[in-house]
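See below for the structure under consideration.
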Amino acid sequence: MDFFGAPERHARDAVKLRSESGVLSVPPRRKGRPLSEEIKEAVRKFYEDDAVSYCLPGKKDVIRGHQKRLLLMNLRELHEEWKKTSQFKCGFSSFASLRPPHCVLAGGSGTHTVCVCLEHQNIKLMLHAAGINTTTQEILTKTVCDLDNEACMVNKCASCPGNSGVELEIPERARFSSRNVDNFHVQQ
1 MDFFGAPERH ARDAVKLRSE SGVLSVPPRR KGRPLSEEIK EAVRKFYEDD AVSYCLPGKK
61 DVIRGHQKRL LLMNLRELHE EWKKTSQFKC GFSSFASLRP PHCVLAGGSG THTVCVCLEH
121 QNIKLMLHAA GINTTTQEIL TKTVCDLDNE ACMVNKCASC PGNSGVELEI PERARFSSRN
181 VDNFHVQQ
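Residue numbers (UniProt numbering): 1 to 188.
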């Protein structure tokens with residue numbers, strides 16, 4: 001027997017739901033696939049790793065009893081690093097939401113100890129504009145022979161590959177040369 005064009009089973013379920021939860025009942029919320037505590041703790045430890053962030057030295061750089069840590073990359077780069085190094089799977093939105101409050105991004109208030117000016121961000125902007133899917137860290141490893149050696153980092157090492165190490169990686173269409181460019185047109 002159909003009530004209002006609905007099968008009898010739907011009518012029985014509706015009567016049962018009304019008797020259990022009342023007239024204005026709502027269906028129970030389903031939990032998606034929650035992350036385990038083990039994954040959450042691994043993400044928190046990743047954010048606090050010295051390779052990913054460093055402690056700000058100031059006396060006032062404290063949030064909820066924890067010394068502020070400045071993240072050395074943006075969240076997208078951190079997530080890519082997480083996927084390379086971790087055995088756990090975690091999507092970007094969950095990864096970003098698990099960032100501890102004392103791990104702050106460069107450019108936020110109170111993080112002026114790190115330069116994020118246009119000149120130092122320019123390499124990222126140029127790579128993005130040229131369509132080159134390489135991080136600045138990868139380019140740096142191709143430019144110097146040892147990231148931990150001070151002589152390499154201040155261009156005093158004779159064995160560093162320099163620009164020649166990077167030029168091999170940049171496609172021909174993305175190379176900029178003053179000989180090939182007559183005029184620049186800036187449009188705002």
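C-beta atoms are modelled at their ideal positions from N, C-alpha and C, and glycine is treated no differently.
What does DSSP give as the partner residue(s) for residue i in the beta ladder?
{"i": "SER97", "result": "In the DSSP output, where bridge partners are listed per residue, SER97 has none listed."}
{"i": "ILE39", "result": "Paired residue(s): none; ILE39 is not in a bridge."}
{"i": "HIS66", "result": "ILE63"}
{"i": "VAL104", "result": "LEU70"}
Can you check whether the CB of residue j is closer than 8 Å to the CB of residue i?
{"i": "PHE92", "j": "ALA42", "result": "no"}
{"i": "ILE123", "j": "THR141", "result": "no"}
{"i": "ALA96", "j": "LEU72", "result": "no"}
{"i": "ASN149", "j": "CYS157", "result": "yes"}
{"i": "VAL104", "j": "LEU78", "result": "no"}
Nearest-angstrom Cα distance between residue i and residue j?
{"i": "ARG18", "j": "HIS102", "result": "47 Å"}
{"i": "ALA106", "j": "SER53", "result": "10 Å"}
{"i": "GLN188", "j": "HIS128", "result": "In this predicted model, GLN188 has a pLDDT of only 48, less than 50, meaning its place in the structure is not dependable; the value taken from the coordinates is given anyway. For GLN188 and HIS128, the distance between alpha carbons rounds to 18 Å."}
{"i": "VAL82", "j": "PRO100", "result": "Looking at the sequence shown, residue 82 is not Val but Trp. Spanning the two alpha carbons is a distance of roughly 15 Å."}
{"i": "GLU80", "j": "GLY131", "result": "18 Å"}
{"i": "ARG33", "j": "SER94", "result": "11 Å"}
{"i": "ASN155", "j": "VAL166", "result": "15 Å"}
{"i": "ASP50", "j": "ASN133", "result": "25 Å"}
{"i": "ASP61", "j": "GLU37", "result": "28 Å"}
{"i": "CYS90", "j": "ILE139", "result": "27 Å"}
{"i": "ARG9", "j": "LYS84", "result": "51 Å"}
{"i": "CYS152", "j": "CYS160", "result": "7 Å"}
Report the CB separation of residue i from residue j in whole angstroms; it is logged as a contact under 8 Å.
{"i": "ARG44", "j": "LEU98", "result": "6 Å"}
(message) With a threshold of 8 Å, are at least 3 pairs of Cβ atoms found where one atom belongs to the stretch 62 to 78 and the other to the stretch 26 to 35?
(response) no
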